[in-house]
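Here is the structure we will look at, set down as C-alpha cells.
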Amino acid sequence: MVNFVHNHPDRPFVMGGMFHGGTALGGFADNRVKSIMTRSGHKVVFTEDESIIITDRSGNEIHLDTTGSNINITAPETMTLNCKNMFINVTESMNTNVGMNQNNTVGMNISESAGMNRTSTVGLLNMLSIGTDFITNVTGKMTEFITGNKESHTEKDRLRVANGKITNQSQGVFEQHSQKEIKNNSAEISKNH
C-alpha cells in the first residue's frame, strides 16, 4: 500500500501490503509461487523450476511446463493463426484429432510425401473430382478388393495395354455387348473354349 506524506504527490511512501487470496496466489511452501492478477481475473503464475501459466477469465491458457519441457495452449472456443508463411517442423510423431469436420483449401498446389506407408480409411462415401487428367504410377503390384459392384463409364475411347497376359475370369455369365462391330484380332491362332 502506498501513501503520501501530508497528501503531497511528490512524497510517496510504502505503508505495507494488503494481500489476500482474491488478489493473487500465495507463495505457498518455500515461497515458490509468484503471481500477477488483475481485477478482471487475468493471471500470470510463476512457479520456481516448474511452470509459467498465463490465463484469462474466459479460460484461455498458455502453460509453459519447465519440468517436462512442454508448452500447452488451450482455448475454449476458436484459435486463429494469421501469417504470410508458416513452417511446422516435427522431429518425431504428429497426431491431429478433429471431433467433427475438417476443411482444407489450397489456392494452388499440394505435395505429399511418405517415406514408407500411407493408409486412408473412410467410413462411408469417398468422392474424388479432378478437373483435367488423372495419372497413377505403381512400380509394384496393384490390387483391388470390392465386395459390391464396380461400374466404369467412359465418354470416349478406352485402351488397355499389357506387355504380358490379360486374363478375364468370371464365376457367372461373361457378356460383351456393342452397338456396332466386335473385332477380335490375333497375330497367331486364336482359341475359344
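For the sequence shown, the residue numbers in my numbering are 7 to 199. Yeah, the Cβ is synthetic: ideal placement off N, Cα and C, and Gly gets one too. Computed from a prediction, not measured in an experiment: that's the story for all the values here.
For residue j and residue i, believed in contact at Cβ under 8 Å, the rounded distance
{"i": "N101", "j": "T80", "result": "Between T80 and N101 the Cβ distance is about 17 Å, and since that is not below 8 Å, they are no contact."}
{"i": "E54", "j": "T73", "result": "Actually they do not touch by this definition, with Cβ atoms about 11 Å apart."}
{"i": "S99", "j": "P82", "result": "The Cβ separation is near 26 Å, so there is no contact."}
{"i": "I77", "j": "L87", "result": "In fact, because the Cβ distance is near 15 Å, the residues do not count as touching under 8 Å."}
Sub-8 Å separation of residue i and residue j beta-carbons
{"i": "V51", "j": "V39", "result": "yes"}
{"i": "V11", "j": "M21", "result": "no"}
{"i": "N190", "j": "S184", "result": "no"}
{"i": "I200", "j": "R164", "result": "Outside the shown range of the chain (7 to 199) lies residue 200, about which nothing can therefore be said."}
{"i": "D36", "j": "G47", "result": "no"}
Closer than 7 Å: residue i CB and nearest the ligand NAD heavy atom
{"i": "I79", "result": "Summarising the ligand content, the structure contains no ligands, and the ligand NAD is consequently not present."}
Residue(s) in a DSSP beta bridge with residue i
{"i": "V8", "result": "V20"}
{"i": "D71", "result": "S57, N76"}
{"i": "M43", "result": "K49"}
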